[in-house]
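Asks:
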Amino acid sequence: MKPLLLIAMIAGSAVRGIGQVSSPDAAHPFAADLLLGASTIRGGGTWRSADLVVTHTVPHTVGYLFLHRSTRPEGSGGYLGIAATHDWTSRFFTYAAAGGSPSHVSFLPANRFDVEADWKAIQTRLVLAVGATTARYSEHRRDDVFSAGLTYYYAPLIITYRFFRNTSAPGAVRSQAQLAQVAMERSGNLSAYLRRSWGVEAYQLTNIVIPQNVRVSGNTTTALVRKWTTSRAGLDAEIERQAKGSDFRRLGVRLGVFYTF
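At position 122 of the sequence shown (counting the first as 1) the number is 161 in the working numbering, and the numbers step up by one without a gap.
1. My output table needs one value for Trp127: the three-state DSSP class, helix, strand or coil.
2. Grouping DSSP H, G and I as helix and E and B as strand, with all else coil, what is Arg289?
3. Please say whether Phe300 and His95 have beta carbons closer to each other than 8 Å?
4. Just to confirm before moving on: does the CB-CB distance between Glu279 and Gly295 stay below 8 Å?
5. Could you tell me if Asp286 is buried or exposed, where buried requires 16 or more neighbouring beta carbons within 10 angstroms of its beta carbon?
6. Going by DSSP, what residues sit across from Glu279 in a beta bridge?
7. Expressed to the nearest angstrom, what Euclidean distance is found between the alpha-carbon atoms of Thr72 and Glu155?
8. At the level of alpha carbons, what is the spacing between Asn9 and Val169?
9. Let me check one thing: in DSSP terms, what residues is Asn205 bridge-paired to?
10. Locate the beta strand (DSSP E) running through Tyr103, then write down its first and last residues.
11. Contact defined as beta carbons within less than 8 Å: I believe Ala219 pairs with Tyr200. What is the distance between those atoms, to the nearest angstrom?
12. Report the residue from Arg180, Val239, Phe202 and Ala122 whose alpha carbon sits nearest the alpha carbon of Ser214.
13. Judging by CA-CA distance, which residue of Ser140, Pro141 and Asp126 is the nearest neighbour of Tyr134?
14. Looking at Arg234: is its Cβ nearer than 8 Å to the Cβ of Ser78?
15. Could you compute how far the alpha carbon of Asn228 sits from the alpha carbon of Ala208?
16. Tell me whether Glu178 sits in a helix, a strand or coil according to DSSP, three-state version.
17. What is the rounded straight-line gap between the Cα of Thr261 and the Cα of Arg204?
18. Is Arg254 helix, strand or coil when you go by DSSP?
19. Is the beta carbon of Arg164 less than 8 Å from the beta carbon of Tyr191?
20. Given a cut-off of 8 Å on the beta-carbon distance, is the pair Ala174 and Arg151 in contact?
21. Are Gly139 and Ala149 close, meaning C-beta to C-beta below 8 Å?
22. What's the call for Gly284, buried or exposed, on a 16-neighbour Cβ count within 10 Å?
23. Where does the unbroken beta strand (DSSP E) through Phe69 begin, and where does it stop?
24. Nearest-angstrom Cα distance between Tyr232 and Leu263?
25. My guess is that Leu189 and Val166 are in contact by the Cβ rule of under 8 Å, so how many angstroms apart are they, rounded?
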């Protein structure tokens with residue numbers, strides 16, 4: 040199963056393209072995705088971002104390089120991450136990622152680590168997942184997130200549910216969030232997803248206002264369309280609406296291009 044690359048991962052989502060590694064295209068094992076974004080905040084203020092993801096596929100493994108840059112009223116900063124998905128057997132695969140920001144801004148983690156284990160069941164249509172994320176910020180703040188969920192494949196649809204349990208420090212504050220996503224993948228033609236998350240969204244580790252706000256309930260709705268315009272390249276478009284508490288409202292758009300080589 041070829042994973043649907045969800046570029047929003049670097050924007051903070053714990054959900055990525057879920058599936059085992061496909062047989063690589065020997066002629067074009069690399070892919071590059073560039074997304075530029077802007078958000079408006081109710082009451083004033085804007086966010087701007089740039090994301091570059093480079094992917095390299097070899098038999099049984101996909102490697103990722105993530106570069107993120109964002110500017111907000113409270114400062115500017117960058118984030119660098121690496122990750123890999125690996126098939127261990129025909130029914131078991133894992134994902135691991137590490138990254139960090141030297142910028143010392145409040146909304147980017149100084150370091151972040153992710154691991155996830157996935158098992159196939161029910162004639163490979165159902166995938167069960169268990170994962171963990173830890174992130175540390177400046178000012179001695181930290182989030183530890185446990186996640187569990189499942190993904191069901193019914194081509195061309197991919198349906199995903201995740202539950203997140205978070206512990207925030209200082210104070211050992213516990214909270215939870217949920218995420219549901221419906222995606223469609225037609226390789227070489229069109230991919231799209233609609234995602235809805237709600238609760239205390241600590242897993243959106245680079246997409247929150249300030250780390251303290253992981254204690255405030257909210258919801259986020261994201262829609263992305265990815266269209267191939269040639270056999271090797273195409274366009275991305277994403278729109279996202281986020282609400283936290285009674286005051287914070289954000290509406291964002293990201294546009295991008297991708298290319299395989």
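Using N, Cα and C, we set each Cβ at its ideal position, and we do this for glycine too.
Computed from a prediction, not measured in an experiment: that's the story for all the values here.
Replies: On the basis of the data shown:
1. The sequence position of residue 127 within the sequence shown is 88, counting from 1. Here Trp127 carries a coil assignment [DSSP, helix/strand/coil].
2. If you number the sequence shown from 1, residue 289 lands on position 250. Looking at Arg289 - three-state DSSP - the assignment turns out to be strand.
3. To locate residue 95, count along the sequence shown from 1; it is residue 56. To locate residue 300, count along the sequence shown from 1; it is residue 261. Cβ distance not < 8 Å, so His95 and Phe300 don't count as in contact.
4. Your numbering for residue 279 matches position 240 in the sequence shown. Your numbering for residue 295 matches position 256 in the sequence shown. For the pair Glu279 and Gly295, the CB atoms are not nearer than the 8 Å cut-off.
5. The residue given as residue 286 occupies position 247 in the sequence shown. Taking every protein chain shown into account, the CB of Asp286 has fewer than 16 other CB atoms within 10 angstroms, so this residue is exposed.
6. Taking the first residue of the sequence shown as 1, we reach residue 279 at position 240. Answer is Thr261 and Gly291, bridged to Glu279.
7. As a working note, residue 72 is residue 33 in the sequence shown. As a working note, residue 155 is residue 116 in the sequence shown. Here residue 72 turns out to be Asp, not Thr, going by the sequence shown. Distance from the CA atom of Asp72 to the CA atom of Glu155, rounded to whole angstroms, is 23 Å.
8. Outside the shown range of the chain (40 to 300) lies residue 9, about which nothing can therefore be said.
9. Numbered from its first residue, the sequence shown carries residue 205 at position 166. Per DSSP, the beta-bridge partners of Asn205 are Val184 and Ser214.
10. For the purposes of this step, residue 103 is taken as residue 64 along the sequence shown, with counting starting at 1. Element bounds for Tyr103: Thr100 to Arg111.
11. Within the sequence shown, the letter at position 180 stands for residue 219. Within the sequence shown, the letter at position 161 stands for residue 200. Right, their Cβ atoms sit about 5 Å apart.
12. If you number the sequence shown from 1, residue 214 lands on position 175. Of the candidates Arg180, Val239, Phe202 and Ala122, the one whose C-alpha sits nearest the C-alpha of Ser214 is Val239.
13. The residue you call residue 134 lines up with position 95 of the sequence shown. For the residues Ser140, Pro141 and Asp126, the minimum Cα distance to Tyr134 belongs to Asp126.
14. Counting from one through the sequence shown, the residue named residue 234 turns up at place 195. Counting from one through the sequence shown, the residue named residue 78 turns up at place 39. Contact: no.
15. Locating residue 228 in the sequence shown gives position 189, where the first residue counts as 1. Locating residue 208 in the sequence shown gives position 169, where the first residue counts as 1. Distance between the alpha carbons of Asn228 and Ala208: 44 Å.
16. Looking up residue 178 in the sequence shown gives position 139. Under the three-state reduction of DSSP output, Glu178 falls in the helix class.
17. On the sequence shown, residue 261 is found 222 positions in, with the first residue counted as 1. On the sequence shown, residue 204 is found 165 positions in, with the first residue counted as 1. Cα to Cα, Thr261 sits roughly 21 Å from Arg204.
18. As a working note, residue 254 is residue 215 in the sequence shown. In the displayed model, Arg254 falls within a helix according to three-state DSSP.
19. Along the sequence shown, read from residue 1 onward, the residue named residue 164 stands at position 125. Along the sequence shown, read from residue 1 onward, the residue named residue 191 stands at position 152. The beta carbons of Arg164 and Tyr191 sit closer together than 8 Å.
20. Counted from its first residue, the sequence shown places residue 174 at position 135. Counted from its first residue, the sequence shown places residue 151 at position 112. The answer is yes: Cβ separation under 8 Å.
21. Counting from one through the sequence shown, the residue named residue 139 turns up at place 100. Counting from one through the sequence shown, the residue named residue 149 turns up at place 110. It is a contact, given that the beta carbons lie within the stated cut-off.
22. What you label residue 284 is simply residue 245 of the sequence shown in a count that begins at 1. Per the 10 Å Cβ criterion, exposed.
23. As a working note, residue 69 is residue 30 in the sequence shown. For Phe69, the enclosing beta strand (DSSP E) covers residues Phe69 to Ile80.
24. Working through the sequence shown from its first residue, we reach residue 232 at position 193. Working through the sequence shown from its first residue, we reach residue 263 at position 224. C-alpha separation (whole angstroms): 5 Å.
25. Looking up residue 189 in the sequence shown gives position 150. Looking up residue 166 in the sequence shown gives position 127. Contact holds; Cβ gap of about 6 Å.
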